[in-house]
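This report refers to the structure that appears directly beneath it.
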Amino acid sequence: MSALSTPHPGVVTVTLNAAIDQTLDVPGFAAGAVNRAVAETRTAGGKGINVAAFLAGASLAGGAIPVTATGFLGEENSAVFDTLFRRRGIRDRCLRLPGRSRVNIKLVDREGRSVTDINLPGLHVPAESWRGLLTVVDDLAVTNRTFVLSGSVPAGVPDTAYAEMVTALHRRGSFVVVDASGPPLRHAVAARPDMVKPNAAELAELLGRPLKDRAEVMRAARELSESGIALVVVSLGAEGAVFVEGGRALLAVPPPVEVASTVGAGDAMVAGVVAARLEGGGLEECARRGTAFAAGTLSRLGPELPPPERLAELMRAVRVEDARVEEL
Numbered sequence: 012m013s014a015l016s017t018p019h020p021g022v023v024t025v026t027l028n029a030a031i032d033q034t035l036d037v038p039g040f041a042a043g044a045v046n047r048a049v050a051e052t053r054t055a056g057g058k059g060i061n062v063a064a065f066l067a068g069a070s071l072a073g074g075a076i077p078v079t080a081t082g083f084l085g086e087e088n089s090a091v092f093d094t095l096f097r098r099r100g101i102r103d104r105c106l107r108l109p110g111r112s113r114v115n116i117k118l119v120d121r122e123g124r125s126v127t128d129i130n131l132p133g134l135h136v137p138a139e140s141w142r143g144l145l146t147v148v149d150d151l152a153v154t155n156r157t158f159v160l161s162g163s164v165p166a167g168v169p170d171t172a173y174a175e176m177v178t179a180l181h182r183r184g185s186f187v188v189v190d191a192s193g194p195p196l197r198h199a200v201a202a203r204p205d206m207v208k209p210n211a212a213e214l215a216e217l218l219g220r221p222l223k224d225r226a227e228v229m230r231a232a233r234e235l236s237e238s239g240i241a242l243v244v245v246s247l248g249a250e251g252a253v254f255v256e257g258g259r260a261l262l263a264v265p266p267p268v269e270v271a272s273t274v275g276a277g278d279a280m281v282a283g284v285v286a287a288r289l290e291g292g293g294l295e296e297c298a299r300r301g302t303a304f305a306a307g308t309l310s311r312l313g314p315e316l317p318p319p320e321r322l323a324e325l326m327r328a329v330r331v332e333d334a335r336v337e338e339l
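Using the working numbering, the letters of the sequence shown map in sequence onto residues 12 to 339.
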């Protein structure tokens, strides 16, 4: 199944558990001690929101990518999301619920090259709101053919949420990407989305066994691909990512970059792969662009891509190695 031959190039991202990312720049951060932040930023976040922001900041050869964001937002602190959508030209089809979207606190220590996450609880989603979102997604599938379902599932939404969406969207002929973990990912995989992007730890949890080295990650990715998922991408942090499609596997290794924050790098990779797919790119192009997007955002705070010339430089610098999966 592919979104490439469709006349509807729009991308929809679904964020069930949106967040406001409060990033504090804390040099020499130490737990149990008094720490002083030298800078603070607050950005609209949540994995699907990040993917939408990265895609809206990218462009295809034929022009900008039409991007729509849907999911749930809290009414009391939705202004930061409204601002992002307006500035990036993202169509807003999010449902507002009483209360506040969760806040994720990121303590960034550039000196120690560490990021400490403190994630607060999210909204409770009533059953009727969940059913309402399914209706919105089905409506969006009439004019959009690529869907990215990302992130955690909030209270009130079943762990089968992404699986339900995958099944419904496939009936519409959509190309569906899932980037999740735990039970929501396990259920989604059973519904056979077109692409998944776990990291190595999430893949090990999904398959119920440790993955001790890169060769085992490759074998596990092949196993997932052979189960009926067209494209499997496994992020390996600074080591890059594994891309498996059909009988072919690639390892993409990014160039060294200065790291301001790792927040959103996985979401940038998803956006890069989707952008490459929309332009008709093959596996190597997906690997190169996805890895460049991820590397490019590491030097920035918030869901921002570097300028096009820097992205092009990073794409050229990504090392892509062809690995014959059957020999691993």
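Virtual Cβ for every residue (Gly too), placed ideally from N, Cα, C.
Check: Does the distance from the CB of MET22 to the CB of VAL78 come in under 8 Å?
Finding: Your numbering for residue 22 matches position 11 in the sequence shown. Your numbering for residue 78 matches position 67 in the sequence shown. Here the sequence assigns Val to residue 22, which means Met is not the residue at that position. Closer than 8 Å, so yes.
Notebook entry, point to check: Going by DSSP, what residues sit across from ASN210 in a beta bridge?
Noted result: One-based indexing of the sequence shown puts residue 210 at position 199. Its beta-bridge partners are SER246.
Next item on the list: Note down the Cα distance separating GLY6 from ARG142, rounded to an integer number of angstroms.
Entry: Since the first residue of the chain shown is 12 and the last is 339, residue 6 is not available in this structure.
Notebook entry, point to check: Three or more beta-carbon pairs under 8 Å between the region 256-270 and the region 182-199, yes or no?
Noted result: With contact defined as three or more Cβ pairs closer than 8 Å, the region 256-270 and the region 182-199 are not in contact.
Check: In the structure shown, what three-state DSSP assignment does VAL164 receive?
Finding: One-based indexing of the sequence shown puts residue 164 at position 153. When DSSP states are grouped into helix, strand and coil, VAL164 belongs to the coil group.
Checklist line | Minimum length 3: unbroken beta strand (DSSP E) runs contained in the region 43-120 | finding: Counting only runs of 3+ residues, the beta strand (DSSP E) found wholly inside the region 43-120 occupies 50-56, 78-85, 106-108 and 113-120, in chain order.
Item checked: Run of the beta strand (DSSP E) containing ALA174, from where it starts to where it stops -> Taking the first residue of the sequence shown as position 1, residue 174 is located at position 163. Where ALA174 is concerned, there is no enclosing beta strand (DSSP E), although the alpha helix (DSSP H) it sits in stretches over 172-182.
Check: Taking only runs of the alpha helix (DSSP H) that begin and end inside the region 281-333, which ones reach a length of at least 4 residues, in chain order?
Finding: Taken in chain order, the complete alpha helix (DSSP H) segments of 4 or more residues contained in the region 281-333 are 294-308 and 319-328.
Next item on the list: Could you check if ALA226 is buried or exposed, using at least 16 other CB atoms within 10 Å of its CB as the buried criterion?
Entry: Taking the first residue of the sequence shown as 1, we reach residue 226 at position 215. Burial check for ALA226: the Cβ neighbour count within 10 Å stays below 16, so the residue is exposed.
Check: Who are the near neighbours of SER16 in its chain, counting only those whose CB is closer than 6 Å to its CB and skipping five residues on each side?
Finding: Within the sequence shown, numbered from 1, the residue matching residue 16 stands at position 5. With a pLDDT of only 41 at SER16, under 50, the local geometry of the prediction cannot be trusted, and no value is derived from it.
Check: Nearest CA to the CA of ALA29: which residue from GLU51, ASN130 and ALA41?
Finding: Along the sequence shown, one-based indexing puts residue 29 at 18. Taking each of GLU51, ASN130 and ALA41 in turn and checking the Cα distance to ALA29, the smallest one comes out for ASN130.
Item checked: Reference ARG111, options VAL91, GLU320 and MET229, closest by Cα -> The residue given as residue 111 occupies position 100 in the sequence shown. The shortest C-alpha separation from ARG111 is found at VAL91.
Margin query: Looking only at its chain, what residues have a beta carbon closer than 7 Å to the beta carbon of GLY275, apart from the 5 residues adjacent to it on each side?
Written below: Counting from 1 along the sequence shown, the entry for residue 275 is found at position 264. ASN61, THR308 and PRO314.
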